[in-house]
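Comments concern the structure below.
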Amino acid sequence: MKKLITAVLGGTAVASLAFASASAMSVDGGNMQTGADRTLACQEGEVKVDWALETDDSAIYFATVTGIDESCFDSVLAFRTNTMSKPLSTTIDSTSERFTFETPIDAESLESVRLWIGR
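With positions in the sequence shown counted from 1, the corresponding number in our numbering is that position plus 4.
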């Protein structure tokens, strides 16, 4: 089972921020899986992706996914932005998971985030 959730950032408002701030991206998405077993879809509610902008260099060093259903525990959560060549992943053991980027993401180039939850 895979769950695809796509978050799309809008605009270049990020560049106008003067101080380090926490921001959130809206998330749109739905289930994507093969087979007829609907019980594999563990995430019923919304998830939220938060990130913090460092204004010293206009970069994003980490993102946090919150609102994960407990029924998704022990599933794999994959996280990928439009700037990443491959996704980061972790085994879910909490209702929030943090992804720290090896290379900070330039805030102006961030356009979308994709999340997958799979077993």
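Cβ coordinates follow ideal geometry from the N, Cα and C atoms, glycine included.
In this text, all values refer to a predicted model and were calculated from it rather than measured experimentally.
The beta strand (DSSP E) with Leu57 in it runs from where to where? Position 53 of the sequence shown holds residue 57. Note, Leu57: beta strand (DSSP E), 52 to 58.
Nearest by alpha-carbon distance to Trp55: which of Lys90, Ser113, Ala67 is it? Position 51 of the sequence shown holds residue 55. Looking at the Cα atoms, Ala67 is the closest of the given residues.
Out of Cys46, Leu92, Pro91, Met88, which one is the CA nearest neighbour of Gly71? Your numbering for residue 71 matches position 67 in the sequence shown. When each option's Cα is compared against that of Gly71, the closest is Cys46.
For Arg49, report the span of its beta strand (DSSP E) as first-last. The count along the sequence shown starts at 1 and reaches residue 49 at position 45. First, the amino acid is wrong: residue 49 is Gly here, not Arg. That residue, Gly49, is in no beta strand (DSSP E); it is neither H nor E in DSSP.
Can you name, in chain order, every residue of its own chain whose Cβ lies under 7 Å from the Cβ of Ser79, other than the five neighbours on each side? Start at 1 with the first residue of the sequence shown, and residue 79 comes out as number 75. Result list for Ser79: Cys46, Ile96, Ile121, Gly122, Arg123, in chain order.
For Ser93 and Ser100, what's the separation of their Cα atoms in angstroms? For the purposes of this step, residue 93 is taken as the residue at position 89 of the sequence shown. For the purposes of this step, residue 100 is taken as the residue at position 96 of the sequence shown. Going from the Cα of Ser93 to the Cα of Ser100 covers about 13 Å.
Considering only the alpha carbon of each residue, which of Val117, Glu48, Ser113, Thr104 lies closest to Ser62? By one-based count along the sequence shown, residue 62 stands at place 58. Checking every option, the nearest Cα to that of Ser62 belongs to Ser113.
May I have the straight-line CA-CA distance separating Arg84 from Phe103, to the nearest angstrom? Within the sequence shown, residue 84 is the residue found at index 80, counting from 1. Within the sequence shown, residue 103 is the residue found at index 99, counting from 1. Distance between the alpha carbons of Arg84 and Phe103: 10 Å.
So Asp73 and Glu50 are supposed to be a Cβ contact under 8 Å. How far apart are they, rounded? On the sequence shown, residue 73 is found 69 positions in, with the first residue counted as 1. On the sequence shown, residue 50 is found 46 positions in, with the first residue counted as 1. About 10 Å; that fails the 8 Å criterion.
Same chain only: Cβ atoms within 8 Å of Pro108, ignoring 5 sequence neighbours per side: Within the sequence shown, numbered from 1, the residue matching residue 108 stands at position 104. Excluding sequence neighbours, Pro108 sits near Glu58, Asp61, Ala63, Ile64, Tyr65.
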